[in-house]
Amino acid sequence: MFRWRLLVLLTALVAGCTSVASQGPIISRYHGVHIDLFFLEWGAPVSSRELETGGQIYLWFAGRDSAYKPGHVDTDLIGNTAWWEGHRIRGFNPRIECGVRIVTFPDGTIRDVLVHESSKGWWEVGRCREVFGPAR
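Going by our numbering, the sequence shown opens with residue 50, and the numbers climb by one from there.
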């Protein structure tokens with residue numbers, strides 16, 4: 050009896066470990082919104098291609114090189130002037146970014162938002178989820 054309870058508990062724990070990227074398209078607040086409004090808020094895409102249906106597919110990234118990189122800072126105060134020199138930890142280069150493919154209809158409204166790349170760790174929410182909101 051104890052083994053069955055343990056098996057059910059472990060199965061429930063593992064089943065709860067799915068990521069947004071494994072769930073397919075993101076149900077986003079941007080569905081049905083014109084792509085220009087998205088780009089005005091979040092910035093231009095990296096690239097785009099026209100689809101056979103007349104719509105477009107855009108490759109867009111958020112947050113490249115925007116992560117805090119731990120290390121230490123040396124500060125010198127000479128008179129009324131402060132001088133700082135930052136030192137990064139070698140070999141530590143975290144990437145906090147979100148890459149998505151945004152598919153639009155021919156009129157420019159957003160049809161799908163597909164996760165291409167989203168950094169995350171056990172201690173944080175994925176970057177794409179921060180930008181697009183939780184999957185519904």
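All C-beta atoms, glycine included, are put in the ideal place defined by N, C-alpha and C.
For F154, the secondary structure class from DSSP, reduced to helix, strand or coil, is coil. Ranking T153, D125, A111 by CA distance to the CA of E101 puts T153 first. Here I84 is buried, its C-beta having at least 16 other C-beta atoms within 10 Å. When only Cα atoms are considered, R78 and W109 end up about 16 Å apart. L163 sits in a strand when the DSSP states are folded into three classes.
Within the same chain, Y79 come within 6 Å of F87 by CB-CB distance, once the 5 residues on both sides are set aside. G104 is positioned such that its CB atom lies no closer than 9 Å to that of R150.
In the DSSP assignment, L108 falls within the beta strand (DSSP E) that extends over 105-111. Of the residues Y107, S96, G92, I127, the one whose Cα lies closest to the Cα of T158 is Y107. A93 and V180 do not touch by the CB rule: their CB atoms are close to 15 Å apart, not below 8 Å. Secondary structure of R176 (DSSP, three-state): helix. Nearest in C-alpha terms to P155, of all of C177, T130, E99, is E99.
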